[in-house]
Ligand code: SF4
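In my numbering, the protein residues as written are 3 to 291.
Laid out in structure tokens, this is it:
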């Protein structure tokens, strides 16, 4: 059923990984379409874009970050526009991915790291994600979910119990700006955040600062209030806030995909501007980087 490993270049500093090097992929020609769909529904099989071994991003320690394919949002600043369609990923068995996780157990325990599921949007494939999280916990590996929270309702309580940390991207604080940035509604993200707080899951809030798009003081203040609200539901929930300055590293990907990129002329925020926004979060008592 499995084809040989896909050998691609070593991971680079591109945001998404460089491919599925070393992880076996399923040859679609060898599996009947209805079987494949059934395997995806059960979580045995997932659509995976790539993976990367990283340190000091995507959670604590050295992490195996796995980028799943498919996303319901269309963020104007999307740094991984090549992960948006589920069909663009490669079919990977949960067991094969877990074998890779097992291989890195030594690195994870030496660095306090683990696995991070990212994307795309992980919660487009909740059954697959659930299996990976469960399998990682059985291996004693720290688990992180990087999500917009828009599909938070897809996450079962069992999945959350297998999740040590959620990187919750709050892409804007007010409904209108959120819709302009993502094409979707903010409310599901806030509902998911509250559920995480009530369930005792640790959260790192992430906010991408884009001049002219998300940097309006009222919008920033609203994101900070949402983060502080989570903290008030259960103190200690929001371990940190990361204010991420917008960058243009994805511009070439947008061009290669032939998609209109509205932020072509947008400059990254200045270090002073980014620091001023961090201060807004700190004023709410939040540890902010
Ligand atoms: S949620 Fe992430 S992957 Fe999806 S469009 Fe937004 S930035 Fe891109």
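Think of the CB as a built atom: it goes at the ideal place given N, C-alpha and C, for glycine as much as any other residue.
For residue j and residue i, the rounded distance between their alpha carbons
i	j	result
residue 58	residue 219	29 Å
residue 7	residue 23	With a pLDDT of 28 at residue 7, under the threshold of 50, the modelled position of this residue cannot be trusted, and the question is left open.
residue 133	residue 104	14 Å
residue 135	residue 232	23 Å
residue 241	residue 177	25 Å
residue 148	residue 169	5 Å
residue 274	residue 282	13 Å
residue 221	residue 85	27 Å
residue 61	residue 42	27 Å
residue 256	residue 263	6 Å
residue 182	residue 280	22 Å
residue 87	residue 65	24 Å
residue 247	residue 268	12 Å
residue 277	residue 127	36 Å
residue 1	residue 146	No answer is possible for residue 1: the residues shown for the chain start at 3 and end at 291.
residue 91	residue 150	19 Å
Unbroken beta strand (DSSP E) run spanning residue i, endpoints
i	result
residue 253	Element bounds for residue 253: not the beta strand (DSSP E) but the alpha helix (DSSP H), 253-259.
residue 163	Premise fails: residue 163 lies in the alpha helix (DSSP H), 159-163, not in any beta strand (DSSP E).
residue 153	Careful: residue 153 lies outside any beta strand (DSSP E) and carries neither H nor E.
residue 228	No beta strand (DSSP E) holds residue 228; the alpha helix (DSSP H) holding it covers 219-235.
Residue i, buried or exposed, once every other Cβ within 10 Å from all chains shown has been counted against 16
i	result
residue 179	buried
residue 200	exposed
residue 115	buried
residue 261	exposed
residue 12	Low confidence applies here, because residue 12 scores a pLDDT of 25, under 50, leaving its location unreliable; read the following figure in that light. Exposed.
residue 202	exposed
residue 131	buried
residue 93	buried
residue 161	buried
Extent of the continuous alpha helix (DSSP H) run through residue i
i	result
residue 36	35-44
CA nearest to the CA of residue i, picked from the options
i	options	result
residue 294	76, 77, 75 and 82	This structure gives no information on residue 294, because the portion of the chain shown stretches from 3 to 291.
residue 225	251, 237 and 195	195
residue 243	197, 216, 252 and 290	290
residue 184	75, 263 and 255	75
residue 44	50, 51, 95 and 166	95
residue 171	47, 209 and 268	209
residue 98	26, 190 and 236	26
residue 238	206, 109, 253 and 124	206
residue 227	154, 214, 90 and 174	174
residue 287	230, 247, 268 and 193	230
residue 118	277, 189, 165 and 250	165
residue 212	266, 192 and 35	266
residue 78	214, 52 and 90	214
residue 100	31, 37 and 144	144
residue 52	150, 37, 159 and 70	70
residue 73	152, 245, 35 and 163	152
residue 295	63, 142 and 270	Look at the range of the chain in this structure, 3 to 291, and you will see that residue 295 is not part of it.
beta-carbon residue i near the ligand SAH non-hydrogen atom, thresh 7 Å
i	result
residue 71	Ligands present in the displayed structure are limited to the ligand SF4, and the ligand SAH is not among them.
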